[in-house]
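Colleague: In the working numbering, the protein residues as written are 546 to 659. Note that CB positions come from ideal geometry on N, CA and C, so glycine has one too. Have a look at this one.
Right under this line is the structure:
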């Protein structure tokens, strides 16, 4: 399991920095943060891949984490912004479809809450 981080309002927290697969870093979300933004960046040369934002009530939950929305495609030299609202305890950005192509890291996911 990746290292768990805590975040605060307006601070960028990297959740995923991977070449092809992985669950990514788990981030603890304070109750005061209700607006959530993920920046999903595909490297130059990426030909396929998807990120599934997920949540759980414990950082070390061993079961299937709850998806937040649908998987987001990772594109060639492209940034996608995903925004959602609500109260969550823990987030992660799991690579749900293997990322193909691109320089290492082939995908970067950053979280910002407010």
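1. I need the straight-line Cα distance from residue 587 to residue 577, nearest angstrom please.
2. Since I believe residue 591 is in contact with residue 515 (beta carbons under 8 Å), could you give me their beta-carbon distance rounded to a whole number of angstroms?
3. Hey, out of 582, 650 and 602, whose CA is closest to residue 594's CA?
4. What does DSSP give as the partner residue(s) for residue 489 in the beta ladder?
5. Taking Cβ positions, are residue 582 and residue 640 nearer each other than 8 Å?
6. May I ask which residues mark the beginning and end of the beta strand (DSSP E) holding residue 634?
7. Quick check on this structure: which residue in 646, 630, 648 and 653 has the alpha carbon closest to the alpha carbon of residue 579?
8. Between which two residues does the beta strand (DSSP E) holding residue 584 run?
9. Would you mind stating whether residue 616 and residue 642 have Cβ atoms separated by less than 8 Å?
10. With DSSP collapsed to three states, give me the class of residue 574.
Modeller: Straight from the coordinates:
1. 30 Å
2. Limits of the chain in this structure are 546 at one end and 659 at the other, which puts residue 515 out of reach.
3. 650
4. Outside the displayed span of the chain (546 to 659) sits residue 489, for which this structure offers no information.
5. no
6. Premise fails: residue 634 is in no beta strand (DSSP E) and is neither H nor E.
7. 630
8. 580-587
9. yes
10. coil
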